[in-house]
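Novice:
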Amino acid sequence: MGIFNHIFKKKEPLVPFSLSFIGNDLHSHLIPGIDDGAKTMEDSLFLASGLADLGYKKVITTPHIMSDYYKNNPTIIKKGLLELNSTLEKNDIDLKVEAAAEYYVDFDFIEKIGKEELLTFGDNYILIECSFIEPPRDFKEGLFRLQINGYKPILAHPERYQYWHKRTNFYDELKDRDILFQVNILSLIGIYSPQVTSVAEYLIKNKMVEVLGTDLHNEYQMGQLKNLKLKQGVINNIMELNLLNSTL
Ligand SMILES: [Fe+2]
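Rendered as structure tokens:
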């Protein structure tokens with residue numbers, strides 16, 4: 067019976083999953099026209115009202131800051147946030163929006179640490195990301211510099227870096243260095259790749275995740291969030307996490 071079950075393993079049924087318990091989202095691209103997220107204020111309104119409908123109370127939106135592609139800075143982001151909030155108010159969207167950033171870790175970023183203003187949230191948390199193509203050089207140096215300058219790094223979507231998929235001990239090493247992990251909710255439904263889904267499930271099951279984020283960029287992703295269905299086992303593992311979301 068056991069072997070039979072193993073060979074003809076049934077696909078686990080999917081169960082609708084409401085995100086309303088999460089409270090606050092800490093990774094999204096809602097400010098229009100400054101990165102690969104919302105293109106227009108109309109897009110921003112659509113995405114923000116969708117998050118409110120999903121039950122989110124507050125969103126800390128995180129535009130990309132990359133030295134090559136998205137040359138954003140605190141001034142650009144704060145100006146965009148003011149415009150976004152005034153539009154949300156005019157349109158009666160009941161969602162509190164604040165802003166930080168998603169910092170791409172490269173040489174230029176590491177150079178800025180301790181010298182320039184970095185956008186943080188909560189207790190000096192900073193959201194960082196890496197290249198999807200190759201392991202970042204000087205990554206550990208960057209983390210160390212952040213930490214000795216009082217920042218608490220949260221690694222955005224650790225499940226999406228395929229060069230670490232077969233090196234799960236690297237994830238352990240990061241946890242030993244007190245790096246927090248933010249998994250994308252949509253990684254769990256396979257919109258990136260089956261491997262990304264497996265690693266996201268692995269990290270959640272092993273309680274290595276402190277933040278769940280939407281990483282919301284566009285209408286398609288909003289549709290996926292509104293129709294979210296997950297395996298019951300994954301839902302159970304999520305409910306056992308000590309998420310920081312609602313505290314930020
Ligand atoms: Fe992002």
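Read in order, the letters of the sequence shown correspond to residues 67 to 314 in my numbering.
C-beta: ideal position from N, C-alpha, C; glycine also.
#1: What are the uninterrupted segments assigned as beta strand (DSSP E) that are 3 or more residues long and contained completely in the region 198 to 241, given in chain order?
#2: Between the Cα of His223 and those of Asp244, Asn235, Ser197 and Gln213, spot the shortest distance and give me the residue it belongs to.
#3: Let me check understanding here. Comparing Cα to Cα, which of Phe87, Leu296 and Ala167 lies closest to Gly256?
#4: Since Tyr136 contacts His130 with CB under 8 Å, what's their CB separation in whole angstroms?
#5: Is it the case that the region 244 to 254 contacts the region 275 to 292, given that we only count it when at least three CB pairs across the two stretches are under 8 Å?
#6: When DSSP builds the beta bridges, which residues end up paired with Glu168?
#7: Going by DSSP, name the residue or residues bridged to Pro82.
#8: Under 8 Å Cβ to Cβ from Gln287, same chain only, skipping five residues before and after it: list those, please.
#9: Identify which residue in Leu310, Leu291 and Asn302 has its Cα closest to the Cα of Ala114.
#10: When you compare only the Cα positions, how much space is there between Leu240 and Asn90?
#11: Since Asp91 sits in a beta bridge, which residues does DSSP pair it with?
Specialist: On the basis of the coordinates in this document:
#1: 218 to 222
#2: Ser197
#3: Leu296
#4: 4 Å
#5: yes
#6: His130 and Leu193
#7: Lys295
#8: Leu252, Ile257, Thr280 and Asp281
#9: Leu291
#10: 24 Å
#11: Val125
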